[in-house]
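Going by our numbering, the final residue of the sequence shown carries number 323, and the count climbs one at a time with no gaps.
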Amino acid sequence: MYNVITICVCGASTMGSGIAQVAAQAGFNTIQFDVNTAMIEKSKAGIEKSLQFLVEKQKISSEEKSDIFSRILFTSDIKNCVADLCIEAIIENKSAKITLFNDLALINSQQTIFATNTSSISVGTIAEGVANPAMVVGLHFFNPATIMKLVEVVQAEKTDAIVVETMVAICKQMNKVPVVCKDAPGFIVNRVARHYYLESMKLVELNLANIENVDAIMEASGFKMGPFKLMDLIGMDINFGVSHIVWEALGKPERLTPSIVQQQKVEAGELGRKTGKGFYKY
Ligand SMILES: NC(=O)c1ccc[n+]([C@@H]2O[C@H](COP(=O)([O-])OP(=O)(O)OC[C@H]3O[C@@H](n4cnc5c(N)ncnc54)[C@H](O)[C@@H]3O)[C@@H](O)[C@H]2O)c1
42 MYNVITICVC GASTMGSGIA QVAAQAGFNT IQFDVNTAMI EKSKAGIEKS
92 LQFLVEKQKI SSEEKSDIFS RILFTSDIKN CVADLCIEAI IENKSAKITL
142 FNDLALINSQ QTIFATNTSS ISVGTIAEGV ANPAMVVGLH FFNPATIMKL
192 VEVVQAEKTD AIVVETMVAI CKQMNKVPVV CKDAPGFIVN RVARHYYLES
242 MKLVELNLAN IENVDAIMEA SGFKMGPFKL MDLIGMDINF GVSHIVWEAL
292 GKPERLTPSI VQQQKVEAGE LGRKTGKGFY KY
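So this is what it looks like as structure tokens:
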């Protein structure tokens with residue numbers, strides 16, 4: 042197993058910020074990096090608020106909060122991103138992710154693991170773009186990363202088995218439930234869940250139900266969150282992007298065609314909670 046003491050989380054939006062908090066809470070020295078300084082400030086304030094909430098709920102003491110917070114270095118300078126494990130949670134764009142891994146490889150050692158939190162891009166194709174694909178693995182956290190237990194550990198064709206073993210151990214140390222998956226479109230959860238979103242939007246598109254009804258019914262039937270609330274939480278752009286990539290990767294089957302309803306939301310900039318409006322207003 043590789044020895045992981047420092048974790049660098051790249052991207053400080055919804056996912057990166059949550060993963061950085063999880064890493065620091067698990068005792069790792071954590072670096073939270075984003076090219077956008079405003080996102081770094083937002084992540085810093087968000088993590089502080091989230092830890093304070095845990096103090097108020099008596100889940101952690103004030104002292105633990107200070108310890109956890111002091112373990113995180115917030116930075117917009119890539120030179121600070123020297124770590125045993127780099128987890129990228131930047132925009133869902135293959136070439137951006139490859140460029141970042143290559144830039145990080147210049148300042149890190151041969152032993153550094155490069156994990157991608159991609160929801161839908163093939164981990165193998167990201168790995169092909171870097172010098173040492175054996176050190177590239179998928180580490181797919183779910184939103185909100187601080188709460189959701191599941192992490193899909195995606196083993197691409199060339200991923201070193203010891204890297205996978207290390208990721209499973211790291212996830213357990215983070216109090217998560219790791220599941221090792223194959224590098225197939227949508228992995229497991231996003232492949233299965235596509236229908237949850239797409240069929241719900243189809244009902245609305247055909248005027249057979251409204252969003253509030255669909256959410257209420259699905260929640261009453263046992264789902265923790267209705268599909269429209271969930272898409273607002275995930276981010277419309279992210280969810281639409283995943284639908285597109287999975288659909289294309291599987292040969293564009295009719296049943297997985299991305300929804301026009303969601304496309305219109307993306308085009309209108311109504312991306313969900315992060316923009317204050319999606320299917321609902323926030
Ligand atoms: N949103 C979700 O529910 C969810 C769930 C699981 C996985 N994911 C995946 O996690 C990743 C991040 O998603 P998100 O919704 O948190 O992000 P987002 O798209 O809202 O934001 C991306 C962030 O990355 C930063 N960034 C862009 N290029 C960068 C670079 N080269 N170096 C450092 N930072 C850079 C941006 O400034 C921004 O803060 C994506 O790959 C997404 O598919 C998202």
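From the three backbone atoms N, C-alpha and C, an ideal C-beta is built for every residue, glycine too.
Check	Outcome
Within the stretch 123-165, ranges of the alpha helix (DSSP H) (whole runs, at least 4 residues)	135-148
Own chain, CB closer than 6 angstroms to S160, minus 5 neighbours either side, in chain order	N231 and V283
Integer Cβ distance of V50 from I72, believed to fall under 8 angstroms	7 angstroms
P219 - containing beta strand (DSSP E), residue span	V218 to K223
8 angstroms Cβ cutoff met for G319 and M277	yes
Cα-Cα separation, A53 to D75	6 angstroms
Any non-hydrogen atom of ligand 1 within 7 angstroms of S160 CB	yes
Member of Q66, S84, S117 and L147 whose CA lies at the smallest distance from the CA of I101	Q66
Contacting residues, own chain, Cβ-Cβ under 8 angstroms from A137 (five flanking each side not counted)	I131
Completely contained alpha helix (DSSP H) runs for the stretch 203-277, where each covers 4 or more residues	230-246, 252-261 and 268-275
Beta-carbon separation (whole angstroms), V218 vs V192, contact threshold 8 angstroms	7 angstroms
Exposure of I203, with buried meaning 16 or more beta-carbon neighbours within 10 Å	exposed
For E193, the residue or residues it bridges with in DSSP	H181 and V220
Neighbourhood of A327 by C-beta, 7 angstroms cutoff - its chain only, sequence neighbours within 5 removed	Given that the chain is displayed from residue 42 to residue 323, the structure contains no residue 327 and the question cannot be resolved.
Any 3 or more C-beta pairs closer than 8 angstroms across the stretch 195-213 and the stretch 166-177	yes
Chain-order list of residues whose beta-carbon lies under 6 angstroms from that of A290 (same chain, five-residue window excluded)	P226
Which of helix, strand or coil DSSP assigns to I119	helix
Helix, strand or coil at Q305 according to DSSP, with G and I counted as helix	helix
S91 CB to nearest heavy atom of ligand 1 below 7 angstroms	no
Cut-off 6 angstroms between Cβ atoms - residues of its own chain near C222, not counting five sequence neighbours on either side	E193, V195, F228 and I229
Sheet register partners of K318 (DSSP bridge)	G313 and K322
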